[in-house]
Amino acid sequence: MVSAFYLVGSIALDNFTLRHSDIDFIAALSRRVSPQDFEKLRTIHKRIERQYPRWKMEGNYFQATDLGRPDEHVEPFPRYHDRKLNWVDKNVLGLVTWWILQNKGIAVWGAEPQTLTYTVDMDKLLQDQRENLNTYWASFTTHPGRILALLSDWGVQWTLLGVLRQFYTLREKSIVSKTAAGEYALEHVPDRWHPIIREAIDLREAPKKSTYHSRFKRASEAFQFIKYIIQLCNADREQPGCDRL
């Protein structure tokens, strides 16, 4: 039934970390999933959880013909998320995941992902990234609960490196890992922001003693940096992707 099994996400981008990463997968199926198949998949995932409790898997079981079709109707399919297998009837994967699959994906078995014939619309991907930047990521400067997240180690690395992935994609029309996006920013933004960027990278890669003496000072710096990057990416709307920065 499973004709191909691919790894995407941080593993495919060579940025898997024990503390923060999931094992993201996409399975291509040769036929529709029956209720019996679904129960077998549930049993398999429960067994994996018991044997490998430290690893968290996240993935979707698609028909092979549905790969690369985020905006089209798909038949209900199994999705494994938050350690539960459920039927879903809406493709929750965005163009970023389909781009990663086709360009960086790792085939555990099945055809190499580079041979998949779907096309990712880069203009649409950039449009989605800009919208995401100005909604979800911008909420870390407007929503009280998300602003408070910046007081935590997780919040700093998640938000700063997440925003910088959008920054990289909008400028370079490609996709990299969170850490690579942080390293890219060190070469493309003023030195004034380098300490908070390095802090975010360290928190993701190898936590060490913070260079900030106050979490409030660090959170304030993170808050200002998120606003700076969003403003930077919105600075030139005539040329999508911050091309003239």
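All letters in the sequence shown, in the order written, are residues 146 to 390 by this note's numbering. Beta carbons: idealized from backbone N, C-alpha and C, even for Gly.
Compare the beta carbon distance of residue i and residue j with 7 Å and say whether it is the shorter of the two.
{"i": "residue 229", "j": "residue 158", "result": "no"}
{"i": "residue 375", "j": "residue 294", "result": "no"}
{"i": "residue 348", "j": "residue 311", "result": "no"}
{"i": "residue 256", "j": "residue 149", "result": "yes"}
{"i": "residue 171", "j": "residue 147", "result": "no"}
{"i": "residue 364", "j": "residue 306", "result": "no"}
{"i": "residue 223", "j": "residue 206", "result": "yes"}
{"i": "residue 341", "j": "residue 370", "result": "yes"}
{"i": "residue 174", "j": "residue 208", "result": "yes"}
{"i": "residue 203", "j": "residue 182", "result": "no"}
Taking the C-alpha atoms as reference points, what is the distance between residue i and residue j?
{"i": "residue 188", "j": "residue 156", "result": "25 Å"}
{"i": "residue 331", "j": "residue 245", "result": "23 Å"}
{"i": "residue 201", "j": "residue 372", "result": "32 Å"}
{"i": "residue 215", "j": "residue 242", "result": "10 Å"}
{"i": "residue 309", "j": "residue 286", "result": "15 Å"}
{"i": "residue 210", "j": "residue 350", "result": "37 Å"}
{"i": "residue 334", "j": "residue 268", "result": "24 Å"}
{"i": "residue 238", "j": "residue 176", "result": "20 Å"}
{"i": "residue 252", "j": "residue 359", "result": "45 Å"}
{"i": "residue 233", "j": "residue 190", "result": "17 Å"}
{"i": "residue 328", "j": "residue 337", "result": "15 Å"}
Determine the extent of the alpha helix (DSSP H) in which residue i is found, giving its start and end residues.
{"i": "residue 362", "result": "360-378"}
{"i": "residue 337", "result": "No alpha helix (DSSP H) contains residue 337, which DSSP labels as neither H nor E."}
{"i": "residue 248", "result": "240-249"}
{"i": "residue 155", "result": "154-157"}
Report all residues from its chain with a CB closer than 8 Å to the CB of residue i; omit the five preceding and five following residues, and keep chain order.
{"i": "residue 263", "result": "212, 213, 214, 243 and 247"}
{"i": "residue 320", "result": "158, 241, 244, 245, 248, 249, 310, 313 and 314"}
{"i": "residue 356", "result": "340, 343 and 344"}
Please work out which residues of its chain come closer than 6 Å, Cβ to Cβ, to residue i, disregarding the five sequence neighbours upstream and downstream, and give them in chain order.
{"i": "residue 379", "result": "none"}
{"i": "residue 161", "result": "155"}
{"i": "residue 298", "result": "348"}
{"i": "residue 344", "result": "none"}
{"i": "residue 275", "result": "none"}
Tell me where the beta strand (DSSP E) around residue i begins and ends.
{"i": "residue 223", "result": "222-226"}
{"i": "residue 174", "result": "168-174"}
Which same chain residues, not among the five before or five after residue i, have their C-beta less than 7 Å away from its C-beta?
{"i": "residue 227", "result": "none"}
{"i": "residue 410", "result": "Since the displayed the chain opens at 146 and closes at 390, residue 410 lies outside it and no answer follows."}
{"i": "residue 367", "result": "295, 301, 304, 305 and 341"}
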